[in-house]
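Written below as structure tokens is the structure these notes are about.
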Amino acid sequence: MKSIEWKNGRIIIIDQRKLPREEVFLEIDGLADLCEAIETLAVRGAPALGIAGAMGIALAAQKSSAATSEQLLSELKKAAEKISGTRPTAINLSWGVKEALDAAERAGDAGEMKKAVLQTALEIAEEDEKMCRAIGGHGASLVPQDAKILTHCNAGGLATGGYGTAVGVIRAAYEQGKNIRVWVDETRPLLQGARLTAWELKEAGIPFKLITDNMAAHFMQRGMVDIVVTGADRITSSGDAANKIGTYGLAVLANYHRIPFYIAAPFSTIDFSLDDGMKIPIEERAKEEVCSFRTERTAPQGCDAANPAFDVTPHGLITAIITEKGVVTPPFKENLSRLYSQEAKVK
Ligand code: MRU
1134 MKSIEWKNGR
1144 IIIIDQRKLP
1154 REEVFLEIDG
1164 LADLCEAIET
1174 LAVRGAPALG
1184 IAGAMGIALA
1194 AQKSSAATSE
1204 QLLSELKKAA
1214 EKISGTRPTA
1224 INLSWGVKEA
1234 LDAAERAGDA
1244 GEMKKAVLQT
1254 ALEIAEEDEK
1264 MCRAIGGHGA
1274 SLVPQDAKIL
1284 THCNAGGLAT
1294 GGYGTAVGVI
1304 RAAYEQGKNI
1314 RVWVDETRPL
1324 LQGARLTAWE
1334 LKEAGIPFKL
1344 ITDNMAAHFM
1354 QRGMVDIVVT
1364 GADRITSSGD
1374 AANKIGTYGL
1384 AVLANYHRIP
1394 FYIAAPFSTI
1404 DFSLDDGMKI
1414 PIEERAKEEV
1424 CSFRTERTAP
1434 QGCDAANPAF
1444 DVTPHGLITA
1454 IITEKGVVTP
1464 PFKENLSRLY
1474 SQEAKVK
């Protein structure tokens, strides 16, 4: 099962808001519905958002009745702005949108443009699972036999084109026969760990225990965590990494307890236009998400709350960044930039 697919001119997504209680698929055939699905996290996770972004441009192209390539391109640019504006932190969303737009710009007439954007979106979706498997393969080499691994949020098959990034590392280590056990952080306020990662690991038969976010320090102190691995929504050229709120706290804890802290993400998550994590835009979500536990209100009416959806882990706390191109270790600035130049040469 894929978290996002293109079928008969529509975007099919599994509605992640309803998991694990219900497996409901949404058939999206309009831009407004796609934007709503992204904003409300029916589709979520940085790489899956990249696919959604590119498919959104394909959808806009398909729906367009523009007579000329200029008209079509101008419509696609407007669609691109709308889609990219839905969630600001994950660079993958605007990256996927841009890849599709670039394909349109390279094409000739309007008909060719429509074909080119769809082809790009389908390629991004197909490539993503391959990239995740490569990330998993590289990352598994860092996982010791009998490791107890802690992960945060959901960086699994649901958050990607399949297999997952951080969960991909866990899956690959398990598939290699390593006797691993996983601590799954619940991940308040929206419970991506409890609802999604626990569901994925259960389906895969990988041994895990669910913990609340405030238990991590306790288990680290007792020597019950060997490595931490999470995904990322945006990584700067210096290696600072934005990920689900709570990740930075885990990195500080891991550093204090001398536990390796790994970030697993596709190369497209690196934003080479930024060198400082403090410049990454952090999405602020509705207070209601903090004032309630799922649908039940827990805080008094009128209670104020803050709800940053992501935080930034400075590169100094990261042991290595695992990408499909290999494991990148410090100094990140030099080593990431070397990979960037290699990629530019290949293109
Ligand atoms: O708000 P979300 O659920 O989209 O946040 C997702 C995360 O923070 C993931 O850890 C990150 O996108 C990596 S997904 C492979």
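Position one of the sequence shown corresponds to residue 1134 (my numbering), numbered consecutively onward. Using N, Cα and C, we set each Cβ at its ideal position, and we do this for glycine too.
Nearest neighbour of residue i, chosen from the options [CA to CA]
i	options	result
Ile1137	Cys1168, Arg1154 and Leu1182	Leu1182
Gly1449	Pro1441, Leu1167 and Ser1371	Ser1371
Arg1143	Lys1135, Met1134 and Asp1162	Asp1162
Gln1083	Met1246, Arg1220 and Ile1171	In the structure as shown, the chain starts at 1134 and stops at 1480, and residue 1083 therefore has no counterpart that could be examined.
Phe1443	Met1188, Lys1211, Pro1464 and Asn1376	Asn1376
Ile1451	Leu1209, Gly1459, Pro1441 and Phe1465	Phe1465
Thr1219	Gly1410, Ala1185, Glu1429 and Ala1243	Ala1185
Lys1420	Arg1430, Ile1413, Met1411 and Asp1318	Arg1430
Leu1251	Asp1346, Glu1336 and Asn1141	Asn1141
Thr1345	Ala1337, Gly1326 and Gly1338	Gly1326
Pro1322	Val1157, Glu1476 and Thr1428	Thr1428
Thr1284	Met1353, Glu1260, Gly1310 and Leu1234	Met1353
Chain-order list of residues whose beta-carbon lies under 7 Å from that of residue i (same chain, five-residue window excluded)
i	result
Cys1436	Cys1424
Asn1225	Ala1179, Pro1180, Leu1182, Gly1183, Ser1401 and Thr1402
Ala1175	Ile1146, Asp1148, Gln1149, Arg1150 and Leu1159
Phe1405	Ser1370 and Tyr1473
Ser1470	Ser1370
Gly1459	His1271
Glu1232	Ala1187, Thr1253 and Ile1257
Gly1289	Gly1297, Val1300, Leu1329, Thr1330 and Glu1333
Ser1197	Leu1205 and Glu1208
His1193	Reading off the sequence, residue 1193 comes out as Ala, not His. Excluding sequence neighbours, Ala1193 sits near Leu1164, Glu1208, Leu1209 and Ala1212.
Glu1416	Arg1220, Pro1221, Thr1222, Ala1442 and Phe1443
Thr1462	Ala1453 and Asn1468
Pro1414	Pro1221 and Thr1222
Residue i versus residue j: straight-line alpha-carbon distance, rounded
i	j	result
Pro1153	Ala1200	45 Å
Ala1258	Phe1426	33 Å
Asp1366	Gln1204	33 Å
His1351	Ala1280	17 Å
Asp1166	Val1315	36 Å
His1390	Tyr1381	14 Å
Ser1202	Val1230	18 Å
Ala1191	Val1276	39 Å
Ile1171	Gln1278	38 Å
Arg1266	Ala1305	8 Å
Trp1139	Ser1274	34 Å
Gly1189	Lys1412	27 Å
Asn1468	Ala1223	22 Å
Ala1432	Ala1236	48 Å
Glu1155	Leu1255	27 Å
Asn1440	Ala1243	43 Å
Ile1378	Met1348	15 Å
Gly1356	Ala1337	26 Å
Lys1478	Met1264	19 Å
Glu1260	Val1385	33 Å
Val1157	Gln1475	42 Å
Gln1434	Lys1135	39 Å
Leu1407	Glu1238	25 Å
Thr1173	Lys1311	37 Å
Integer-rounded CB distance, given that residue j should sit under 8 Å from residue i
i	j	result
Ala1374	Thr1456	No, Ala1374 and Thr1456 are not in contact; Cβ-Cβ is about 12 Å, not under 8 Å.
Thr1298	Gly1241	Rounded, the Cβ-Cβ distance is 36 Å, inconsistent with contact.
Val1358	Ile1392	6 Å
Gly1295	Glu1262	4 Å
Val1362	Leu1383	That belief does not hold up - the Cβ atoms of Val1362 and Leu1383 are roughly 10 Å apart, past 8 Å.
Ile1368	Ile1313	Going by Cβ atoms, the distance from Ile1368 to Ile1313 rounds to 25 Å, so no, they are not a contact pair.
Glu1319	Leu1343	6 Å
Ala1292	Arg1177	7 Å
Lys1215	Cys1286	The pair is not a contact, with the Cβ atoms about 26 Å apart (cut-off 8 Å).
6 Å Cβ shell around residue i - same chain, five flanking residues per side excluded
i	result
Leu1324	none
Ser1227	Ser1217
Ala1387	Val1361 and Phe1394
Ala1438	Lys1420, Val1423 and Cys1424
Phe1341	Val1315, Val1317 and Leu1334
Own chain partners of residue i with C-beta closer than 8 Å, once the 5 adjacent residues on each side are dropped
i	result
Asp1409	Thr1369, Ser1371 and Asp1373
Ile1268	Thr1298, Gly1301, Val1302, Ala1397, Ala1398, Pro1399, Ile1455, Thr1456 and Glu1457
Lys1248	Ala1240
Test: residue i CB closer than 8 Å to a CB of chain D
i	result
Lys1231	Reference to chain D is not applicable here, since this structure consists of a single protein chain.
Distance cut-off 7 Å: residue i Cβ against heavy atoms of ligand 3
i	result
Arg1177	As far as ligands go, the structure on display features ligand 1 and does not contain ligand 3.
Entirely within the region 1442-1480 and at least 4 residues each: give me those alpha helix (DSSP H) ranges in chain order.
Runs found: 1465-1479.
For the region 1389-1418, list the beta strand (DSSP E) runs that are entirely contained and at least 3 residues long, ordered along the chain.
As summarised for the region 1389-1418, the continuous beta strand (DSSP E) elements at least 3 residues long and confined to that stretch are 1394-1397, given in chain order.
Considering only residues of the region 1149-1178, which uninterrupted alpha helix (DSSP H) runs meet the minimum length of 4 residues and lie entirely inside it, listed in chain order?
Every alpha helix (DSSP H) of 4 residues or more that sits fully in the region 1149-1178 is shown, in chain order, as 1164-1172.
Uninterrupted alpha helix (DSSP H) stretches inside the region 1276-1362 (no shorter than 4 residues):
Here the runs fully enclosed are 1299-1308, 1331-1337 and 1349-1354.
4 or more residues per run - each alpha helix (DSSP H) lying fully within the region 1191-1236
Unbroken alpha helix (DSSP H) stretches of 4 residues or longer found wholly inside the region 1191-1236: 1202-1217, given in chain order.
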